[in-house]
Amino acid sequence: MRSILVVTSSFLPLVQAQAKARRAEPRLVVVDHPIGGLSPEEFAGREDAAYAGVVAELRAMGELS
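In terms of the working numbering, the sequence shown has 39 at position 19, counting the first letter as 1, and numbering is strictly consecutive.
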């Protein structure tokens with residue numbers, strides 16, 4: 021099964037450690053931390069980055085042209 025995980029930069033080391041422990045190789049999209057407590061404009065920037073990252077990963081996986 022292939023998966024794409026969206027993770028904030030602060031949690032990246034934890035996600036990588038858990039993936040390694042489980043012998044998983046998820047595709048990761050990393051956005052700036054935090055995502056909570058942001059203004060709508062700041063959150064929109066994180067959202068745009070996450071969306072662009074997911075689209076790029078889907079293209080790399082051959083799921084989008």
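Don't be surprised by glycine CBs; every beta carbon is placed ideally from N, CA and C.
Everything numeric in this text was worked out from a predicted model, so none of it was measured.
Once DSSP output is grouped into helix, strand and coil, what is the label at residue i?
i, result
"Leu84", "coil"
"Leu58", "coil"
Just to confirm the assignment, what range does the beta strand (DSSP E) spanning residue i have?
i, result
"Leu34", "Taken as a continuous stretch (DSSP letters only), Leu34 belongs to no beta strand (DSSP E), being part of the alpha helix (DSSP H) at 32 to 41."
"Leu48", "47 to 51"
So which of the options has the shortest CA-CA distance to residue i?
i, options, result
"Ile55", "Arg22, Pro33, Val26", "Val26"
"Glu45", "Ser23, Asp68, Ala80", "Ser23"
Report yes or no: do the region 68 to 79 and the region 42 to 58 share at least 3 C-beta pairs separated by less than 8 angstroms?
-> yes
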